[in-house]
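Numbering (the numbering used here), first residue to last: 32 to 105.
Here is the structure we will look at.
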Amino acid sequence: MSKYLTVKEVVLLLNEKRSEKWVYQHKREIPGFFELAGSYFFDAEILQESLKQRALKKTASKRPIGYDDNRHNL
32 MSKYLTVKEV
42 VLLLNEKRSE
52 KWVYQHKREI
62 PGFFELAGSY
72 FFDAEILQES
82 LKQRALKKTA
92 SKRPIGYDDN
102 RHNL
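Here it is, written out as structure tokens:
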């Protein structure tokens with residue numbers, strides 16, 4: 032893999048869960064983005080590190096505080 036990814040390579044990295052159109056629309060929100068001579072690239076190291084950090088980040092519990100496991104939520 033090259034150090035810099037194209038839009039198509041970013042789509043492949045994201046397991047094709049996002050389209051090329053989505054990547055173009057959200058390019059400024061994707062870590063490692065830069066533009067060179069009218070083409071869009073993404074730094075592979077920055078992008079992979081941010082994805083790794085996001086995968087390791089703990090998520091909040093979906094149950095509200097004080098939720099009990101009973102039928103009536105009492």
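Note that beta-carbon positions come from the ideal geometry of N, C-alpha and C, so glycine has one too.
Nothing here was measured: the structure is a model prediction, and the numbers come from that model.
DSSP-derived helix/strand/coil call for residue i
i     : result
Ser70 : strand
Leu36 : strand
Residue i burial status per 10 Å Cβ neighbour count (16 or more: buried)
i     : result
Leu78 : buried
Leu43 : exposed
Rounded straight-line distance, which links the Cα of residue j to that of residue i
i     : j     : result
Glu51 : Thr90 : 28 Å
Ile61 : Trp53 : 11 Å
Tyr35 : Gly69 : 15 Å
Glu66 : Gln56 : 14 Å
Opening and closing residue of the alpha helix (DSSP H) in which residue i lies
i     : result
Ser81 : Ala75 to Leu87
Tyr52 : It should be pointed out that residue 52 corresponds to Lys in this sequence rather than to Tyr. Looking at the DSSP string, the run of the alpha helix (DSSP H) that includes Lys52 is Glu51 to Gln56.
Selection from the options that minimises the alpha carbon distance to residue i
i     : options                       : result
Ser33 : Leu87, Leu67, Leu45 and Asp74 : Asp74
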